[in-house]
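Under my numbering, the first residue of the sequence shown is numbered 427, with each subsequent residue one higher.
First up is the structure itself, then whatever we jot down about it.
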Amino acid sequence: MRPDAAACSTASAMIALIVWRRTPTGDILRAGEIRVAEPDQSHGGRLRGEFRYDRVYLEHPQALALDPIHLPLTSVVYPAERPRSGIHGVFEDSLPDLWGRGLLMRRYRLPRSRQTPAHLLMHLSQSGLGALAYGIGETPPAPELAPSRDTEALIEAAERYDRNPAEVEDAELIALFRAASSPGGARPKLVIHHAGVSCMAKLGSSRDRVDMVRVEAACLTLARDAGLHVPRFDVAEFGRHAALLIERFDISTGAGRYHTLSLQTLLGADDWYQLGYPDLADLLRQVSGRPENDLPALYRQLVFNAFIGNTDDHLKNFALLHDGDAWRLTPAYDLTPDEPPRGEHVLHFGSAGHQPNAAALAAMARNFGLSPKTGRRIREQVAEAMVDWRDRFTRFGVGTHDLHCLAPSIEHRLKTCREIAST
């Protein structure tokens, strides 16, 4: 260990990982070290871990707190008070979703004892999204580039893996892992280069009742029309397969990376949580460097979620990024109607609970520090964009059967929109 490296106190460490951070200008900095001890079998396999910043990193002019709430820039050892993972939430944000984790475990044939988050990070290396990378040596891990095989073959292999992992050969598994992405969710996603741009390719799932690729593209269009800031996107055909291509927002113009944090991590919410949009507003006031922009933007997104029926509004679906100057809200993502609809949102809307109504959305405007006039204008703009939802869906190739499945819920929400707009 280098003299300036983190001298973590966890005894008999099971695993020690160096954390590297790529800055927006492309520099790679050794940020610190994670240590996780062997599971404590006397306490049900509890995992004890910790993180400490490198001294050199703390003195670097581009040093940035990896988590401004839970890991401020100091030289102290930060224990990870998360017995099921042993690592802080910011590092777990780097891990793949359920689909990607299964791919990672299968790729490395990890036994159950080596499926802990720390072990997964070790194998993740620098193939995930975001500014952080992990390794066990003194040299920053090189990013694993997707092989030169064509995108169509890669997507076809991903869809076969989604149907039945046993159908995928080892060489295909390696290629899929190298292209696998790391945002939340349980659907197949790959990171690819298309037309010279790094994109996340979201694919259909064998469990879909409707064409979610085209449905999500249509929803992103509706969101953009409603005034939400969304990433650039397109639907592309690769042979028999369609993919929603979303331009990555974690890559800077200088070939560096913007550090991102989920709101779940910033709020310290693990497993089951009972939180709502007012909690998100309070967090933005605390962390955002541009609350005057981010609070109205997030309010607009919660209104859109209520209108479209995006009930899967969990905290991994909201994030902040540091643009080199300050923390700010990322573009909105994962905007889809719940199919089949379940009615209740993950996040609550204050006193109305998890099923928003007109009064609740008006009250949320006050929670976000907006005047009644501003809140009403935002609701009216979202409602106006929603009026043409059928046309938007049809333009993206959503078929008659899928429209029939989605229409009852969306039409009910649209009626609610009109009531809300007049409140």
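All C-beta atoms in this analysis are idealised placements derived from N, C-alpha and C, irrespective of residue type, glycine included.
None of these values were measured; they are calculated from a predicted model.
TODO: Ignoring anything shorter than 4 residues or poking outside the stretch 758-836, list the alpha helix (DSSP H) runs there in chain order.
DONE: 784-793, 798-812, 815-821
Open item on the list: Would the stretch 747-758 count as touching the stretch 630-645 if we require 3 or more Cβ pairs under 8 angstroms?
Closed with: no
Open item on the list: Going by DSSP in three states, Ile441 sits in which element: helix, strand or coil?
Closed with: Locating residue 441 in the sequence shown gives position 15, where the first residue counts as 1. Residue state, collapsed to three classes: strand.
- [ ] Give the secondary structure of Pro567 by DSSP, where H, G and I count as helix, E and B as strand, and everything else as coil.
- [x] On the sequence shown, residue 567 is found 141 positions in, with the first residue counted as 1. Correct three-state label for Pro567: coil.
Task: Per-residue DSSP class, three states only, for Phe733 - done: By one-based count along the sequence shown, residue 733 stands at place 307. Helix at Phe733.
Task: CB contact flag (Leu490, Thr500, <9 angstroms) - done: Position 64 of the sequence shown holds residue 490. Position 74 of the sequence shown holds residue 500. Not in contact: Leu490 and Thr500 (Cβ atoms no closer than 9 angstroms).
Open item on the list: Checking 9 angstroms against the spacing of the C-beta atoms, do Gly452 and Gly680 come in under that value?
Closed with: The sequence position of residue 452 within the sequence shown is 26, counting from 1. The sequence position of residue 680 within the sequence shown is 254, counting from 1. Yes, these two residues count as a Cβ contact at 9 angstroms.
- [ ] Could you check the C-alpha separation between Ile836 and His545 for me, to the nearest Å?
- [x] One-based indexing of the sequence shown puts residue 836 at position 410. One-based indexing of the sequence shown puts residue 545 at position 119. Cα to Cα, Ile836 sits roughly 43 angstroms from His545.
TODO: Taking the CB atoms as reference points, tell me whether Leu671 and His620 lie closer together than 9 angstroms.
DONE: One-based indexing of the sequence shown puts residue 671 at position 245. One-based indexing of the sequence shown puts residue 620 at position 194. Taking 9 angstroms as the Cβ cut-off, Leu671 and His620 qualify as a contacting pair.
- [ ] Kindly give me the distance between the Cβ atoms of Pro782 and Ala732, rounded to whole angstroms, as I take these residues to be in contact under 8 angstroms.
- [x] In the sequence shown, residue 782 corresponds to position 356, counting from 1. In the sequence shown, residue 732 corresponds to position 306, counting from 1. Between Ala732 and Pro782 the Cβ distance is about 4 angstroms, and since that is below 8 angstroms, they are a contact.
TODO: Could you tell me the distance, in whole angstroms, from the CA atom of Ala463 to the CA atom of Leu555?
DONE: By 1-based counting over the sequence shown, the position of residue 463 is 37. By 1-based counting over the sequence shown, the position of residue 555 is 129. Their Cα atoms are separated by approximately 26 angstroms.
TODO: Can you give me the start and stop residues for the alpha helix (DSSP H) that Trp525 sits inside?
DONE: Counting from one through the sequence shown, the residue named residue 525 turns up at place 99. 524-533 is the span of the alpha helix (DSSP H), which, as asked, contains Trp525.
Open item on the list: My output table needs one value for His838: the three-state DSSP class, helix, strand or coil.
Closed with: What you label residue 838 is simply residue 412 of the sequence shown in a count that begins at 1. His838 falls in the helix class under three-state DSSP.
- [ ] Specify whether the stretch 658-667 and the stretch 771-791 touch according to this definition: at least 3 beta carbon pairs, one from each stretch, less than 8 angstroms apart.
- [x] no
- [ ] Pull up the CB-CB distance for Gln488 and Thr449, whole angstroms please, since I reckon it's below 8 angstroms.
- [x] Numbered from 1 along the sequence shown, position 62 holds the residue referred to as residue 488. Numbered from 1 along the sequence shown, position 23 holds the residue referred to as residue 449. About 5 angstroms; that satisfies the 8 angstroms criterion.
Task: Burial state of Lys628, where buried means 16 or more other Cβ atoms lie within 10 Å - done: Stepping through the sequence shown from its first residue, residue 628 is reached at position 202. With 16 or more other Cβ atoms within 10 Å, it is buried.
Open item on the list: Let me check understanding here. Comparing Cα to Cα, which of Leu646, Gly823, Arg674, Ala809 lies closest to Lys841?
Closed with: The residue you call residue 841 lines up with position 415 of the sequence shown. Among Leu646, Gly823, Arg674, Ala809, the Cα nearest to that of Lys841 belongs to Ala809.
Open item on the list: Among the candidates Leu443, Thr800, Val729, whose CA atom is the shortest distance from the CA of Gly563?
Closed with: One-based indexing of the sequence shown puts residue 563 at position 137. It is Leu443 whose Cα lies nearest to the Cα of Gly563.
Task: Pair within 9 angstroms by beta-carbon distance, Leu654 and Ala723 - done: Sequence index remark: in the sequence shown, residue 654 carries index 228 (1-based). Sequence index remark: in the sequence shown, residue 723 carries index 297 (1-based). The answer is yes: Cβ separation under 9 angstroms.
TODO: Please go through the stretch 650-738 and give each complete alpha helix (DSSP H) segment of 4 or more residues, from N-terminal end onward.
DONE: 689-693, 703-713, 717-734
Task: For Ser624: DSSP bridge partner residues - done: If you number the sequence shown from 1, residue 624 lands on position 198. BP columns for Ser624 point to His619.
Open item on the list: Let me make sure I understand the geometry here. Which of Gln712, Phe775, Ser777, Phe730 has the alpha-carbon closest to that of His496?
Closed with: Residue 496 sits at position 70 when you count from the first residue of the sequence shown. Nearest option by C-alpha distance: Gln712.
- [ ] Could you tell me the distance, in whole angstroms, from the CA atom of Asp519 to the CA atom of Asp697?
- [x] Working through the sequence shown from its first residue, we reach residue 519 at position 93. Working through the sequence shown from its first residue, we reach residue 697 at position 271. When rounded, the distance between both Cα atoms is 14 angstroms.
- [ ] Enumerate in chain order the residues of its own chain whose CB-to-CB distance from Arg586 is below 7 angstroms, with the five nearest sequence positions on each side excluded.
- [x] Mapped onto the sequence shown, residue 586 falls at position 160. Once the five neighbours on either side are set aside, the close Cβ partners of Arg586 are Glu593, Val594.
Open item on the list: Can you tell me whether Val641 is helix, strand or coil according to DSSP?
Closed with: In the sequence shown, the residue the question calls residue 641 occupies position 215. If DSSP states are grouped into helix, strand and coil, Val641 belongs with the helices.
Open item on the list: I'd like to know whether the C-beta atoms of Leu689 and Leu721 end up nearer to each other than 9 angstroms.
Closed with: Position 263 of the sequence shown holds residue 689. Position 295 of the sequence shown holds residue 721. No, the Cβ-Cβ distance between Leu689 and Leu721 is not below 9 angstroms.
Task: Separation of Leu521 from Pro566, as counted between CA atoms - done: The count along the sequence shown starts at 1 and reaches residue 566 at position 140. The count along the sequence shown starts at 1 and reaches residue 521 at position 95. Rounded to the nearest angstrom, the two C-alpha atoms are 18 angstroms apart.
Task: His740 versus Leu832 - alpha carbon distance - done: Here residue 740 refers to the residue found at position 314 when the sequence shown is read from its first residue. Here residue 832 refers to the residue found at position 406 when the sequence shown is read from its first residue. So the alpha carbons of these two residues sit roughly 21 angstroms apart.
Task: Glu851 versus Asn743: straight-line alpha-carbon distance, rounded - done: Beyond the ends of the chain as shown, which are 427 and 849, falls residue 851; an answer cannot be given.
TODO: May I have the straight-line CA-CA distance separating Val502 from Ala457, to the nearest angstrom?
DONE: For this step, residue 502 is matched to residue 76 along the sequence shown. For this step, residue 457 is matched to residue 31 along the sequence shown. When rounded, the distance between both Cα atoms is 14 angstroms.
Open item on the list: What does the alpha-carbon distance come out to for the pair Gly735 and Met626?
Closed with: Here residue 735 refers to the residue found at position 309 when the sequence shown is read from its first residue. Here residue 626 refers to the residue found at position 200 when the sequence shown is read from its first residue. Taking the straight line from one Cα to the other gives about 24 angstroms.
Open item on the list: Leu550 and Leu536 - do their beta-carbons sit closer together than 9 angstroms?
Closed with: For the purposes of this step, residue 536 is taken as residue 110 along the sequence shown, with counting starting at 1. For the purposes of this step, residue 550 is taken as residue 124 along the sequence shown, with counting starting at 1. Not a contact, by the Cβ cut-off of 9 angstroms.
- [ ] Kindly indicate the opening and closing residues of the beta strand (DSSP E) around His740.
- [x] Along the sequence shown, one-based indexing puts residue 740 at 314. Premise fails: His740 is in no beta strand (DSSP E) and is neither H nor E.
TODO: List the residues that DSSP assigns as beta-bridge partners of Arg461.
DONE: As a first step, residue 461 is located in the sequence shown; it is residue number 35 there, counting from the start. Its beta-bridge partners are Ala442, Glu476.
TODO: Could you check the C-alpha separation between Glu765 and Val623 for me, to the nearest Å?
DONE: As a first step, residue 765 is located in the sequence shown; it is residue number 339 there, counting from the start. As a first step, residue 623 is located in the sequence shown; it is residue number 197 there, counting from the start. Spanning the two alpha carbons is a distance of roughly 31 angstroms.
Open item on the list: Looking at the strands, I want to know which residues DSSP matches up with Asp751.
Closed with: By one-based count along the sequence shown, residue 751 stands at place 325. Asp751 pairs with nothing; no bridge assigned.
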